[in-house]
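**Student:** This is the structure, below, for whatever I ask next.
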């Protein structure tokens, strides 16, 4: 599982810091160029980096949640095994194997732990930009949700589930 967690951390941190660093540099350079460099502006210029650190910390919390989810499945007799796992498309963070669906850093389910999978169109996707949600209804009575930007991603996972069922 560490391989997938590391992939998720790399993805999240490169995205968040890749956006935050240029913004911080632009704010600091403009303050130096226009000679308007004061303490408040200096502190404010690092705000994007602080947000990137918080986003990365949130990713570590999600991984802790994933580890608890795997422990729950292990109690039901489903031991994690990613043999033969492959991404659903190139550079995807979603992997499927014969028995597992793995959403790096977020969710991982054994095929027998899932009762059914539903792809739902989100009514209000203005905040996340993700128009679809993939709902995993599991044997423990819980429903786990993963937001999708593409319907085809959900369709691939649903076809995987129906094929191995």
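Numbering (this note's numbering), first residue to last: 2 to 166.
Glycine included, each C-beta is placed from N, C-alpha and C at the ideal position.
This structure is a prediction, so every number in the text was calculated from the model and none was measured.
Where does the unbroken beta strand (DSSP E) through residue 134 begin, and where does it stop?
**Tutor:** To locate residue 134, count along the chain shown from 1; it is residue 133. 133-139 is the span of the beta strand (DSSP E), which, as asked, contains residue 134.
**Student:** Quick check: residue 116 and residue 143, are their CB atoms within less than 8 Å of each other?
**Tutor:** Within the chain shown, the letter at position 115 stands for residue 116. Within the chain shown, the letter at position 142 stands for residue 143. Contact flag unset, no.
**Student:** Which residue wins for smallest C-alpha separation from residue 58, given the options 81, 80 and 13?
**Tutor:** Taking the chain shown and counting its residues from 1, one reaches residue 58 at position 57. Out of 81, 80 and 13, 13 has the C-alpha closest to the C-alpha of residue 58.
**Student:** Look at the alpha carbon of residue 23 and the alpha carbon of residue 163, and state the distance between them as a whole number of angstroms.
**Tutor:** As a position in the chain shown, residue 23 is number 22, starting the count at 1. As a position in the chain shown, residue 163 is number 162, starting the count at 1. Using only the alpha carbons, I get a separation of about 45 Å.
**Student:** Do the region 66-76 and the region 95-112 make contact, defined as three or more Cβ pairs closer than 8 Å?
**Tutor:** These segments touch.
**Student:** If we ignore side chains and look at the alpha-carbon of each, how far apart do residue 159 and residue 32 end up?
**Tutor:** Along the chain shown, one-based indexing puts residue 159 at 158. Along the chain shown, one-based indexing puts residue 32 at 31. Looking at the two C-alpha atoms, the distance is approximately 52 Å.
**Student:** Cα separation between residue 21 and residue 53?
**Tutor:** On the chain shown, residue 21 is found 20 positions in, with the first residue counted as 1. On the chain shown, residue 53 is found 52 positions in, with the first residue counted as 1. Their backbone Cα atoms lie some 6 Å apart in a straight line.
**Student:** Taking the C-alpha atoms as reference points, what is the distance between residue 70 and residue 39?
**Tutor:** The residue you call residue 70 lines up with position 69 of the chain shown. The residue you call residue 39 lines up with position 38 of the chain shown. Straight-line Cα distance between these residues: approximately 48 Å.
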